[in-house]
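Asker:
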Amino acid sequence: MPLTYTLPERPPPIIFGDDLATQPTKYRRTRDAVGGGTLSEILAILEACLQVGRIERATVILKRISSYPDLDSETLLDLHNRYLRAAVENIIMKPSEEAAQALHRWFELEVRAQGRPQDAVTVAYMLKASLQSPDSSRRDRLVRRYMDMVQGEAGLAVLAANILTAEELNTITHICPTYNLAEELEGGQEYVDTETNQEDSLAKGTATTAAEVRPTEQKGLGLKSLKQSLSLFTSLSSDYDLSAMNEDEKRALQRQLEEDAVQAAIDRWRDENSNLAKLGLNSNLQTKSVGARMWQWQEKLERALKEELVKIEEAEEKTNRNPTEAKRCSYGPFLRCVSPEKLSALTILSIMNAMSAMGLDKGIPLANAIMAIAKNIESESIMENLSREANVRKNVWNDPKQSARKARILQGLKRKAEAIEASRSVEAEEALFGMIVEKQWPTAIKAEVGSFLLSTMIDVAQVPVTMKDPETGKNITQMQAAFSHGQQYKMGKKQGVVMAHKELVEQLTREPVHSLLAKHLPMLVKPEPWTSFASGGFLSHPGKVIRVKNGSRDQRTYANAAISRGNMGRVFQGLNILGQQSWTINEPVFDVMLEAWNSGETVANLAPANPNLSYPPEPAASTDPLERRRWITAVKKIENARSAFHSQRCFQNFQLEIARALRNRVFYFPHNVDFRGRAYPIPPYLNHMGADHCRGLLKFGTGKPLGHSGLKWLKVHLANVSGFDKASLKEREQYSMDHLEEIYDSATNPLGGKRWWLSAEDPWQCLAACIELRNALESSDPTSFISHLPVHQDGTCNGLQHYAALGGDIWGAQQVNLEPGDRPADVYTAVADLVKESISKDIENGHKLAGFLEGKITRKVVKQTVMTNVYGVTFIGAKAQVRKQLVAAYNDLPDTVEANPSSLSTYVATKIFTALSTMFKGAHDIQYWLGDCATRVSKSLTPEQIDRLASEFLDKGAGRHPKNTEIDEMTQFKTSVIWTTPLDMPVVQPYRSSKARMVRTNLQSISLTDPHRSDPVNPRKQLQAFPPNFIHSLDATHMLLSAAKCHDAKLSFAAVHDSFWTHACDTDTMNTILRDAFIEIHSDDVIGRLAAEFNIRYKDHMQLAVVRQSSAAFKEILKYRKSLPLHQRGKGIELLNEVQRLRLLRSSNPKDVEKGKKMVTAASIYAETAAEADLDLDHEPELESLGLGSLATSKLAVDDDKTMEEVLDENMPSEAQVDDAEAGAASPTDPVDSEEPAPGFEAKVSPGVKRSRVLPTWIWIPLKFAPVPEKVR
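Be aware that the sequence shown starts at 279, since it is given in the working numbering, and climbs by one per residue.
1. In three-state DSSP terms, what is GLY981?
2. Which residue from ALA997, ASP1023, PHE929 puts its Cα closest to that of GLN1012?
3. Which residues mark the beginning and the end of the beta strand (DSSP E) in which TYR1168 is found?
4. Around the Cβ of TYR1081, are there at least 16 other Cβ atoms within 10 angstroms (buried) or fewer (exposed)?
5. Confirm, please, whether the CB-CB distance from TYR1168 to LYS1141 is below 7 Å.
6. For ASN888 and SER877, what's the separation of their Cα atoms in angstroms?
7. Verify whether the separation of the beta carbon atoms of VAL1417 and LEU1423 is less than 7 Å.
8. Please say whether MET735 and GLY955 have beta carbons closer to each other than 7 Å?
9. Excluding the 5 residues preceding and the 5 following ASP1344 in the sequence, name in chain order all residues of the same chain whose CB lies nearer than 6 Å to its CB.
10. How long is the line joining the alpha carbons of SER1118 and LEU934, rounded to whole angstroms?
11. So ILE1256 is in the beta strand (DSSP E); what residue range does that whole segment cover?
12. Helix, strand or coil: which one does DSSP assign to GLU1548?
13. Along the chain, where does the beta strand (DSSP E) containing THR862 start, and where does it finish?
14. Is VAL870 close to chain C? Criterion is C-beta to C-beta, closer than 7 Å.
15. Among ARG938, VAL870, ASN931, LEU884, whose alpha-carbon lies nearest the alpha-carbon of THR862?
16. Are the CB atoms of ILE855 and HIS1310 nearer to each other than 7 Å?
17. Considering Cα atoms alone, identify which of ASN942, CYS928, ARG1052, ALA1544 is closest to SER860.
18. Is the beta carbon of ASP1336 closer than 7 Å to that of ASN965?
19. What's the call for GLU904, buried or exposed, on a 16-neighbour Cβ count within 10 Å?
20. What residue range is occupied by the uninterrupted beta strand (DSSP E) comprising HIS1070?
21. Assuming the contact rule is C-beta atoms closer than 8 Å, LEU1127 and LEU1182 should be a hit. Round their C-beta distance to whole Å, please.
22. For ARG848 and LEU1261, I'd like the C-alpha separation in whole angstroms.
23. What did DSSP end up calling LEU579 once you bin it into helix, strand or coil?
24. Measure from the alpha carbon of THR1259 to the alpha carbon of each residue in GLY1366, ALA322, THR1196, ASP1087, then state which is nearest.
25. Does the count of Cβ pairs from the stretch 1395-1409 and the stretch 1428-1443 closer than 8 Å reach three?
26. Could you name the residues that DSSP lists as bridge partners for MET745?
27. So, with DSSP's three-state summary, where would you put ALA1038?
28. In this structure, how does DSSP classify PRO643 when only helix, strand and coil are distinguished?
29. Please go through the same chain and pick out, in chain order, the residues whose beta-carbon is closer than 8 Å to the beta-carbon of THR980, but skip the five residues on each side of it.
30. Answer with buried or exposed for LEU1541, where buried requires no fewer than 16 other C-beta atoms within 10 angstroms of its C-beta.
31. Quick one: is HIS1017 buried, meaning 16 or more other Cβ sit within 10 Å of its Cβ, or exposed?
32. If we ignore side chains and look at the alpha-carbon of each, how far apart do TRP1034 and MET1015 end up?
33. Report yes if the CB atom of VAL1113 is closer than 7 Å to the CB atom of ILE1190, and no otherwise.
34. Would you mind reading off the limits of the beta strand (DSSP E) that contains PHE1338?
35. Just curious, the beta strand (DSSP E) that GLU806 is in, first and last residue?
36. Can you list the beta strand (DSSP E) stretches of 3 or more residues lying completely in the stretch 1369-1427, in chain order?
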């Protein structure tokens, strides 16, 4: 049934009790097979043992943790069933009567005798195990015993579980005729594994081939691993026609492509080494390519890992272990999850890519290197586990040969109740795949696995180093360690680092490593529709529908709850629509790009092969040392520029190879969202969110006739990408007609002609538009020309558009084009005009700085500050932005004490902020209100925390006095800001102050953040991030809603956040849809709904508020506190007293109510003597910076030209970040550098800050939110 793409009545918000967050992490230390650490770490070891078939050790671990008091019965039942599943699989794959008897004994002693929970799935597993017995009498006896445990419908549920095959069901019902089946087993059609034979049935066809991409010069095979990863595409280009394949055949090819990545790297290294051996260059001391060198590392590392696995097995057999053996028992099960060959390759690739991303000569922090390795091993483990699970499911649990027969048998059961259980069982099986994908290794486990692999690699990896013998003067070559582990000081703290040998650095500069590429290529088939958190997108490679920040489990928990309720349907549908949009390579543009690339010239944004960078002459030795220092700085800049060009060219080299492989092919980009709901394509290398050359290379996979409207929009689009985008539509259309000669020349002779297209703002997109318009105009009927080119419609400072709509700012709305006009309004020009007007008045009044800025305020000077103000830039950051623009544009700025670039930029930034607050008054109030709400939420205690505190110290006896440490732990602020988007997606801000944990590794002890939902929130980040994140969630809602409406209207649709793409002929229709979607969102009371949700979500929270010193309540509260004994003072004790008072007042017993009324607390004094105005609820200094155009006096976290938008938008991969992201080092667990102490309610004064004579007075009150600001009228 199709979804309705309008905003319906909203379901109630999803609210979890904060038992998710209030319990701290517990650590356990044991010396047996269980190991020590947190419960999550022990469970991870159990999972790994089950995955690799180490059932004996899993039995010991499960027996130990079954007695843990903090393990609830539901979790224990799930663990028992997973253990049974693995044990039964092991018995079937490796038949053993001894193992079967041990399993039955375990069930009797550990489950039944202990009275532990069991369900239909538990009994079904035991039945399956019983049926493996070769002794028929024992088999029948076991089956009857287990079936006797489940009578009536419970027995039907067991038989209906998706665990027993049809043959097994038939055997059971023969042994237990009570469950009479209406139909016996019948012969059925043999199952044919079509997937296995698909490649043999591919129909051959023909396809055109393209010229080779000139590789960036390098000694090794260079792009061979990429080309091997693309081997499927290459063979298809020459031998196959994808259009002749059916969907199953394409999907088989897609799976093979996704699984090709690591093996391609291994094969590349082997080939390079083999090729050099044929040339007689196989000596360790002779120069090798990096690839050949890595093959030697691969062989040595693989041997070392095989030896280590033997030692791990020996350690696990021992009962008394030394510390080294205990460590082996901890990380051993995880090393077994991946073959030694792949472990070696992934270790090498991870560290090499991480090195390349961080800077070859700078080294990489030890923690980053360790986590980069561990993350890739974990990912590969998930892949292999999924593949194994699919294979086992087919061969053990749900044999396709039996599926039809089993269905007939189930239809013959007496009752139909089992159908429900069967469907639940199927859902549980599907959920198993999701659980495998979502399961993450704990941080400490990753540290142990990564550090062992890294230390082993440091031991085996060597490079030849040639030097002169100081005695003989002859060159000698010796092998030295390729990597070394050392320590450096960073910001006053000693930090472990991994450094590459300078010889290796030189080689890596020539031969970048990009071997983990093929996992994330565009898809040959439509992506799998998103159906759950971890099901959708790529066919084989596991993915998640939401890019969850590492350790942020709350977002996943809320998302899964929303999915189970059906609330995420519209988000899924929007992502599926974006992913099903087909694309092809724009071949004429690719041909020009390839020619330009192979020429080695700088063409548009293509990096030159040999940049013309001349070094300055070296000063004489007698020159002033300062002059020599300047020369060294200049040389370093040139070397950095040369290195940057080379890196950029290498990356573009890969993009062109991907484009060449995809020529003549239709492909797709699977999408997912970040935690705010913004959609991104998952393949990061070549997609429509990339740079200009990427966008120029892409066009829609399907075309549509232009029509009269489309021809007009194609001309407008050409003007837009040329940079002529501020004129009216008619003027832009005329612009293209006025430049027809240049357009034809660009399309016909792009590199040999006038090269007019290179002067455009977006040259490659301009070239694509020139070629499309030329082809249309040269056709017999331009309006009938089939166009594939996407035409863009860009929003005007999209964040300000939403703020203007929320705040009702008419003037601001006009500046961001929320009102129609002949030509587009430009908010940046409008702000610049206001600033110039204000400066002119200051000049008349004799202001000292104003005169220096006359005529210097342009649109460019103010643009960045205006654009980022909506995303939380601070005044200090704004000042830096303005200074950067002024210094770049004018070299005649004064530089005196009174007037200098710093003072001038401060003056201009002030004017910009003032102009914005004038133009967007309502938006200013909304932004401030959002920040105020975040402050109150992040400084509140949950009802669960309050109940726990009360039960611990009030209900267990009045005589107990709590310790400060107990109070501190129980009253840390742990409440995140959570809201629901208009598409019903819950958003949980992930900003917490994670605790530091020392983890001992093979190399050194490292301090890692161990994110956990029990960590206190970071109030500052919660406050600063909420306004921009909320606007992003509205922006994301608009885009996904527009995608759905366009799909309903049969429009092609793609988007880059606030830039929307469709066919030229559909642009008018899409524009109407975009406006309707925006109006639909803002026709609702968005802020009113948010306020109502907050009132429901945070009901019964307690907030710590400040009482103004000027109020009468302030003096009375101080007097009350002075009268108290010392042991009854303090915020913790006051909270307990206030909780007790509120409990008594809510009691149904009149005596308790009367007792509560007589109790005196700070809050009761406030209630009697003060008004709400006496509370200083905006006490937080961070609130000073909130509100469009607000001037902050305090320095906040984002205090340079880096905006909150840049800080928060972590998921959009840039070209420089792609290698890092692929290596797994983009978001490692960072060494702890905590920004501030874990925030509890006890205020701490920083050293060096002068205390005021009268400190603020705090009281506990129920959490209340400020009234919603009224819209500007």
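Built from N, CA and C at the ideal position, the CB exists for glycine as well.
Answerer: Taking the structure as given:
1. coil
2. For the set ALA997, ASP1023, PHE929, the Cα lying nearest the Cα of GLN1012 is the one of ALA997.
3. Neither: TYR1168 is in no beta strand (DSSP E) and is coded neither H nor E.
4. Per the 10 Å Cβ criterion, buried.
5. no
6. 10 Å
7. no
8. Their beta carbons are not under 7 Å apart, which means GLY955 does not touch MET735 by this criterion.
9. Only LEU1329 meet the Cβ criterion.
10. 52 Å
11. 1256-1258
12. coil
13. Judged by DSSP secondary structure, THR862 falls within the beta strand (DSSP E) whose first and last residues are 861-863.
14. This model lacks chain C altogether; it includes just one protein chain.
15. ARG938
16. Cβ distance not < 7 Å, so ILE855 and HIS1310 don't count as in contact.
17. ASN942
18. In this structure, ASP1336 does not lie closer than 7 Å to ASN965 by Cβ.
19. The identity of residue 904 in the sequence shown is Leu, whereas the question assumes Glu. Around the beta carbon of LEU904, fewer than 16 other beta carbons sit within 10 angstroms, so the residue counts as exposed.
20. Where HIS1070 is concerned, the enclosing beta strand (DSSP E) stretches over 1068-1072.
21. 6 Å
22. Taking the straight line from one Cα to the other gives about 6 Å.
23. helix
24. GLY1366
25. yes
26. ILE754
27. coil
28. strand
29. SER860, HIS1066, SER1330
30. buried
31. buried
32. 14 Å
33. yes
34. It spans 1337-1341 - the beta strand (DSSP E) in which PHE1338 sits, taken as one unbroken run.
35. 806-810
36. 1380-1385
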